[in-house]
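Read through the structure below, which is laid out as structure tokens, and then see the notes.
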Amino acid sequence: MTALPGFAALMLRLLDHRGLAPAEWARRAGVAEADLAEALDGGAPDPALLRRLAPALGLDTADLFEIAALPLPADLAPVGGMVTTSIVSVVRFGTALPADRRAELRSFVASLPPGGPTGRIEGLPVYASDPSSAGNLLMRMVASRNLGWTGTAKVFRHLTGRSWMADAYGRIAIGAQEPTPDLVADFAVVLGLPAGDLAALLGVPLPPEVPRPDGAVADGALLLRDLRRLGVGQLREAEDLARALSSS
Numbered sequence: 118m119t120a121l122p123g124f125a126a127l128m129l130r131l132l133d134h135r136g137l138a139p140a141e142w143a144r145r146a147g148v149a150e151a152d153l154a155e156a157l158d159g160g161a162p163d164p165a166l167l168r169r170l171a172p173a174l175g176l177d178t179a180d181l182f183e184i185a186a187l188p189l190p191a192d193l194a195p196v197g198g199m200v201t202t203s204i205v206s207v208v209r210f211g212t213a214l215p216a217d218r219r220a221e222l223r224s225f226v227a228s229l230p231p232g233g234p235t236g237r238i239e240g241l242p243v244y245a246s247d248p249s250s251a252g253n254l255l256m257r258m259v260a261s262r263n264l265g266w267t268g269t270a271k272v273f274r275h276l277t278g279r280s281w282m283a284d285a286y287g288r289i290a291i292g293a294q295e296p297t298p299d300l301v302a303d304f305a306v307v308l309g310l311p312a313g314d315l316a317a318l319l320g321v322p323l324p325p326e327v328p329r330p331d332g333a334v335a336d337g338a339l340l341l342r343d344l345r346r347l348g349v350g351q352l353r354e355a356e357d358l359a360r361a362l363s364s365s
């Protein structure tokens, strides 16, 4: 497995892909250029700095923590519990809704208080087997959405139309299998990232043509991010609303 470089090199790849100077990134984030320069020179990025930098690039904050290989703070970590069925159902019903009802569902999810306690769901620590591989980073980013291998396979199948067995994602997670260009494009859809950004970050090619996800799929990826902060009972509330909206 090809090892990924550190945070600084990964972010410089992304900045180069976007044609964005570090100084401009610092300006957009409202941080001191010297602080960003230190992180891009190989220093350990400060968690408070990451919180400012992520939205300035349109990145999910938890994803930037994973890119930096730092533990997720409690407010960004997924809520634990056996929640796969509800997460998949909310995404499945939600993406079938018209735009106004998708917005209503997302608004409801956002209105719910964070569930507790927080922490990785059972089975995710195996991702530490090869934390330097591209596949491991991808699966850690998926794991931050409270999905194990089975949930990952189901959500990918629904949002991308591509079907892989759950253990295939497990092999990717532990660095036993390189993610293919097609699979990197699929990860971009599920993570809600531009495919070109993710490919540049990982230093991998993309297929010749990568279609943009439609509005429903893009909203499904955003909904998936929002759902990670909910406990089992709250997810069932969201699932009930998604079902009701789809049948009304």
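Its first residue numbered 118, the sequence shown is counted upward by one per residue in this note's numbering. Ideal Cβ positions, reconstructed from N, Cα and C, are used throughout, including at glycine.
Anyone know if the C-beta pair for residue i and residue j falls short of 7 Å?
i      : j      : result
Ala213 : Ser363 : yes
Thr277 : Val301 : no
Val205 : Gly348 : no
Arg135 : Glu183 : no
Pro164 : Ala156 : no
Phe210 : Arg360 : yes
Gly268 : Thr201 : yes
Val208 : Gly123 : no
Residue i to residue j, Cα distance in whole Å?
i      : j      : result
Pro325 : Pro311 : 15 Å
Leu254 : Ala125 : 15 Å
Gly236 : Gln294 : The predicted position of Gly236 is uncertain, since its pLDDT is 43 and thus under 50; no value can be drawn from it.
Val148 : Ala138 : 14 Å
Pro172 : Arg262 : 18 Å
Ser249 : Leu121 : 5 Å
Thr144 : Leu318 : Contrary to the premise, residue 144 reads as Arg rather than Thr in this sequence. Rounded to the nearest angstrom, the two C-alpha atoms are 21 Å apart.
Arg329 : Glu150 : 34 Å
Ala191 : Val259 : 17 Å
Gly320 : Gly160 : 21 Å
Leu166 : Leu153 : 8 Å
Leu174 : Ala283 : 31 Å
Leu323 : Arg219 : 30 Å
Leu215 : Ala251 : The question names Leu, but residue 215 is Pro in the sequence shown. One C-alpha to the other measures close to 35 Å.
Leu308 : Gly287 : 17 Å
Ala335 : Glu221 : 15 Å
Leu339 : Asp158 : 32 Å
Trp266 : Trp142 : 34 Å
Ser224 : Pro230 : 12 Å
Ala186 : Arg342 : 19 Å
Ala194 : Leu176 : 16 Å
Ile289 : Leu131 : 22 Å
Leu358 : Leu264 : 21 Å
Asp314 : Asp217 : 29 Å
Ala316 : Val272 : 20 Å
If I measure Cβ to Cβ from residue i and keep anything under 6 Å in the same chain, skipping five residues before and after, which residues do I get?
i      : result
Arg379 : Residue 379 cannot be examined here, being either before or after the span of the chain that is shown, 118 to 365.
Gly232 : Val196, Leu347, Gly348, Gln351
Val327 : Ala302, Ala312
Phe304 : Leu255
Can you list, in chain order, the residues of its chain whose CB lies under 8 Å from that of residue i, leaving out five sequence neighbours each side?
i      : result
Ser203 : Val349, Leu352, Arg353, Ala355, Glu356
If we count the other Cβ atoms within 10 Å of its Cβ and call it buried at 16 or more, is residue i buried or exposed?
i      : result
Pro188 : exposed
Asp180 : buried
Thr297 : exposed
Asp133 : exposed
Ala227 : exposed
Gly332 : exposed
Pro242 : Here the model assigns Pro242 a pLDDT of 44, short of 50, so the residue's position is not dependable, and the following value carries that caveat. Under this definition Pro242 is an exposed residue.
Grab me the residues of residue i's own chain with a C-beta within less than 7 Å of its C-beta, minus the 5 sequence neighbours each way, in chain order.
i      : result
Ala140 : Glu150
Ala146 : Arg169, Leu170, Ala173
Asp299 : Pro324
Ala270 : Trp281, Met282, Ala283, Tyr286
Met128 : Leu157
Beta strand (DSSP E) runs wholly inside the segment 262 to 302, at least 3 long, in chain order: none
Complete runs of the alpha helix (DSSP H) confined to the segment 146 to 183 [at least 4 residues]: 150 to 157, 164 to 173
4-residue-minimum alpha helix (DSSP H) runs that sit fully inside the segment 207 to 233, ordered along the chain: 216 to 228
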